[in-house]
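Read left to right, the sequence shown gives residues 0 to 168 (numbering that gives the first Met the number 0). Positions of the beta carbon are idealized from the N, C-alpha and C atoms, including for glycine. In this text, all values refer to a predicted model and were calculated from it rather than measured experimentally.
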Amino acid sequence: MADRQQQHGEARAAAGPRQGHAPPADSSTTLLRRVQTHAPNSTQVVGFLTLAISGAVLLLLTGLTLTGAVVALIFLGPIALLTSPIWVPVAIALFVLAAAVLSTCAFAVAAVAGGTWMYRYFTGRHPVGADRVDYARSRIADTASHVKDYAREYGGYLHSRAKDAAPGA
0 MADRQQQHGE ARAAAGPRQG HAPPADSSTT LLRRVQTHAP NSTQVVGFLT
50 LAISGAVLLL LTGLTLTGAV VALIFLGPIA LLTSPIWVPV AIALFVLAAA
100 VLSTCAFAVA AVAGGTWMYR YFTGRHPVGA DRVDYARSRI ADTASHVKDY
150 AREYGGYLHS RAKDAAPGA
């Protein structure tokens with residue numbers, strides 16, 4: 000057993016130091032190696048610089064926009080306040096006009112779509128939903144036929160009863 004341990008120890012010594020257990024060396028060399036192992040590569044450095052520059056540009060543009068908005072509000076605020084009796088009715092009229100134009104366009108599009116669907120349906124091209132329309136039409140026709148038959152039966156019954164009640168009628 001002692002022979003095995005001695006051979007194992009010699010094999011270890013021949014293989015060199017284990018990872019994680021460096022031989023005692025100069026502390027500056029150890030620190031330099033640690034920094035080199037954790038240093039970013041050139042792609043990471045370029046990516047970080049791109050991120051930093053674009054972030055700085057966006058921050059500058061945000062500041063300029065905010066400054067311009069505040070300055071415009073300071074200078075144009077009193078003008079807007081003084082002329083608001085003119086702008087409010089104009090804005091309401093423009094809103095009503097825009098709503099009327101948009102609703103007219105929407106109704107026109109709906110009418111064209113409905114007309115196109117009806118044209119395709121009546122020419123036999125079977126547009127989407129034609130089977131539902133056919134089913135509903137057959138149900139309405141069947142119901143109307145049943146109501147008509149029932150009215151004839153019941154109407155005849157009532158007519159005979161009315162003759163019984165008023166023989167001269």
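For residue i, the three-state DSSP class (helix, strand or coil)
i, result
"His125", "coil"
"Thr36", "helix"
"Thr82", "coil"
"Arg151", "helix"
Proximal residues to residue i (C-beta, below 7 Å), its chain only, five neighbours per side dropped
i, result
"Ala150", "none"
"Leu65", "none"
"Pro39", "none"
Cβ shell of residue i (< 8 Å), same chain only, five flanking positions each side left out
i, result
"Tyr120", "Pro126, Ala129 and Val132"
"Ala79", "Trp86"
Cutoff 8 Å: residue i Cβ touching any chain C Cβ
i, result
"Ala79", "Chain labels in this structure do not include chain C; a single protein chain is all it has."
Neighbourhood of residue i by C-beta, 6 Å cutoff - its chain only, sequence neighbours within 5 removed
i, result
"Thr29", "none"
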